[in-house]
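Heads up: the structure comes next, in structure tokens.
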Amino acid sequence: MKLHYSHEPDHLSMTQHQAQQLSSHTMTVRVLDEPQVSNFNHLGPTTETTSTLTLKQIRNHKINRRHRANRYRYEVIRHVYKHFNFRKIKRILKSMDMYYVNINMVRHTLFIGLKNQKLVDEVEKLLHDRLFTERHYNQLYQ
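Residues 9 to 150 in this note's numbering are what the sequence shown spells out, letter by letter.
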């Protein structure tokens, strides 16, 4: 819908303009009807609004935090020699038949997430202090 105002002269003096505003002058307005869009198929697939996306993102963040916390509910932390990388550590753990939920390395610290306390106790026994050291690395790779 468009509003069209009747044209009035723009070259009014200041006093005339003030007098015109003070008087009870009525302005005529015409309303032209425009055809409404009735078929939305040509506009393409509907997209979600921003508010639904943000609500969805908030839900995803919340669930991801919960899952991340569950991955490390039971964990074993070990210091690792600097030349060990993920692939080498995973091979060693697999060769020891050690099952983990998730592993993560932050600098030279290895975090092993496990399913329950029983597994934590078993892994603590298997991962002795001589594992993932410089000496261990040299034995394996040199």
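Beta carbons are placed, not taken as given, at the ideal position from N, Cα and C, and that holds for glycine.
Requested in this report: Ignoring anything shorter than 4 residues or poking outside the stretch 85-121, list the alpha helix (DSSP H) runs there in chain order.
Outcome: If we require 4 residues or more, the alpha helix (DSSP H) runs fully inside the stretch 85-121 come out as 94-103.
Report task. Just the C-alpha distance for D129 and K90, rounded to the nearest angstrom, thanks. Result -> For the purposes of this step, residue 129 is identified with residue 121 of the sequence shown, where counting begins at 1. For the purposes of this step, residue 90 is identified with residue 82 of the sequence shown, where counting begins at 1. Pairing D129 with K90, the inter-Cα distance amounts to about 26 angstroms.
Query raised in the report: Counting pairs of Cβ atoms below 8 angstroms between the stretch 75-91 and the stretch 111-122, do you hit three or more?
Result: With a cut-off of 8 angstroms, the stretch 111-122 and the stretch 75-91 count as touching, because enough Cβ pairs lie within range.
Report task. Check the DSSP bridge columns for E83 and list the partner residues they point to. Result -> The count along the sequence shown starts at 1 and reaches residue 83 at position 75. E83 pairs with G121.
Query - Boundaries of the alpha helix (DSSP H) in which R143 is found, first to last residue - result: Locating residue 143 in the sequence shown gives position 135, counting from the first residue. For R143, the enclosing alpha helix (DSSP H) has its first and last residue at 142-149.
Query raised in the report: When you compare each of T60, L135, L61 to I100 by their alpha carbons, which one comes out closest?
Result: Looking up residue 100 in the sequence shown gives position 92. It is L135 whose Cα lies nearest to the Cα of I100.
Query raised in the report: Going by Cα to Cα distance, which pick from Y145, I97, K126 is closest to N112?
Result: Residue numbering aside, residue 112 sits at position 104 when the sequence shown is read from its first letter. Closest by alpha carbon: I97.
Query - Distance, K64 Cα to R73 Cα - result: Stepping through the sequence shown from its first residue, residue 73 is reached at position 65. Stepping through the sequence shown from its first residue, residue 64 is reached at position 56. Cα-Cα distance, rounded: 14 angstroms.
Query raised in the report: L148 to D105, Cα distance in whole Å?
Result: Within the sequence shown, residue 148 is the residue found at index 140, counting from 1. Within the sequence shown, residue 105 is the residue found at index 97, counting from 1. Each residue's alpha carbon lies about 18 angstroms from the other.
Requested in this report: Taking only the alpha-carbon atoms, compute the straight-line gap between L118 and A77 and give it to the nearest angstrom.
Outcome: Along the sequence shown, one-based indexing puts residue 118 at 110. Along the sequence shown, one-based indexing puts residue 77 at 69. Going from the Cα of L118 to the Cα of A77 covers about 16 angstroms.
Query raised in the report: If we ignore side chains and look at the alpha-carbon of each, how far apart do R138 and V109 end up?
Result: Position 130 of the sequence shown, counting from 1, holds the residue named residue 138. Position 101 of the sequence shown, counting from 1, holds the residue named residue 109. Approximately 23 angstroms, taken between the alpha carbons.
**Report entry** Exposure of V114, with buried meaning 16 or more beta-carbon neighbours within 10 Å
**Finding:** In the sequence shown, the residue the question calls residue 114 occupies position 106. Exposed.
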